[in-house]
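Chemist: 21 is the number of the first residue of the sequence shown in the numbering used here; add one for each residue after it.
Beta carbons: idealized from backbone N, C-alpha and C, even for Gly.
This one's a predicted model, so the numbers in the text were calculated from it and none came from an experiment.
Mind looking over this structure? Questions follow.
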Amino acid sequence: MGTVPFIHSIRIRYAETDRMGIAHHSMYAVYMEEARTEYMRAMGFSYAQAEAEGIMLPLSQLSCQYKSPVTYDDTLDIAVRMAAFRGARLTLSYEMTCAGRLVALGETVHAITDTRLVPVNLRRVHPALYAAFSQALEKEVKKEE
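Pasting the structure below:
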C-alpha cells in the first residue's frame with residue numbers, strides 16, 4: 021500500500037468479538053467507516069458538514085480480505101488512502117495492522133450525490149471538497165512514482 025497519509029487506531033472491544041474471542045468479520049465494515057470518517061475530518065470536511073451542505077457519499081462497494089485475526093483489547097491501526105477519484109465516484113483503500121502484523125486489506129467505493137441520491141458534479145457544487153479529494157489523490161500518485 022506504500023506510505024499513507026492517515027492512520028486511525030481502534031481498540032477492539034469485547035462486544036465486537038465472537039465466541040472464539042476474535043473480532044467478528046462484520047466489524048471490519050464498521051472499522052473502515054470510522055477510519056474513513058476521521059480521514060475526511062483530517063482533510064477538513066466532516067461527514068456531517070458535507071451532508072449539511074447537500075453532499076452524500078453512499079457506499080456502492082465494499083471489500084475486505086482477512087489476513088490475520090485480532091482479539092479483544094488489541095489495537096487495530098487502519099491506514100486510509102485515496103485510491104481513485106473521478107468526480108462522481110471515490111475509492112478508498114484500507115490497510116489494517118496490529119503491532120506491525122497485516123490484519124486485513126479493504127476497499128470502499130462511494131458515489132457522490134445530492135440528498136436525493138442523484139450523482140452530482142462535485143467540481144461545480146462543492147469546489148472546496150473537490151479540491152481536497154483531488155489533492156489527496158495527487159499526493160498518493162506522487163508517492164507511487
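Assign V138 to one of three DSSP states: helix, strand, or coil.
Modeler: Coil at V138, not helix or strand.
Chemist: In three-state DSSP terms, what is F153?
Modeler: F153: helix per DSSP, three-state reduction.
Chemist: Quick check on the burial criterion: 16 or more other C-beta atoms within 10 angstroms. Buried or exposed for G22?
Modeler: At G22 the pLDDT is 44, less than 50, meaning the model places this residue with poor confidence; the figure from the coordinates comes in the next sentence. Exposed is the call here.
Chemist: To which residues of the same chain is G120 closer than 7 Å at the C-beta, ignoring the five residues directly before and after it?
Modeler: Contacts found: none.
Chemist: How would you call A55, buried or exposed, if buried means at least 16 neighbouring beta carbons within 10 angstroms?
Modeler: That one is buried.
Chemist: Would M60 and L137 be called neighbours here (beta carbons separated by less than 8 Å)?
Modeler: Cβ atoms of M60 and L137: not closer than 8 Å.
Chemist: Using CA atoms only, rank isn't needed, just tell me which of G74, E160, A104 is closest to R144.
Modeler: Selected option, being the one with the closest Cα: G74.
Chemist: Quick one: give me the first and last residue of the alpha helix (DSSP H) that R56 is part of.
Modeler: 47-62 is the extent of the alpha helix (DSSP H) around R56.
Chemist: Could you work out which residue in H45, A35, K87, Q155 is closest to R101 when comparing CA atoms only?
Modeler: It is Q155.
Chemist: Using the rule of at least 16 other Cβ atoms within 10 Å of the residue's Cβ for burial, across every protein chain shown, is S83 buried or exposed?
Modeler: So S83 counts as exposed.
Chemist: Measuring straight from C-alpha to C-alpha, what distance separates V24 and V161?
Modeler: Confidence is the limiting factor: at V24 the pLDDT is only 46, short of 50, which leaves the residue's position unreliable and the question unanswerable from this model.
Chemist: Beta-carbon within less than 7 Å of Y34's beta-carbon, same chain only, minus the 5 sequence neighbours each way: which residues are those?
Modeler: Closer than 7 Å at Cβ, skipping near neighbours: Y92.
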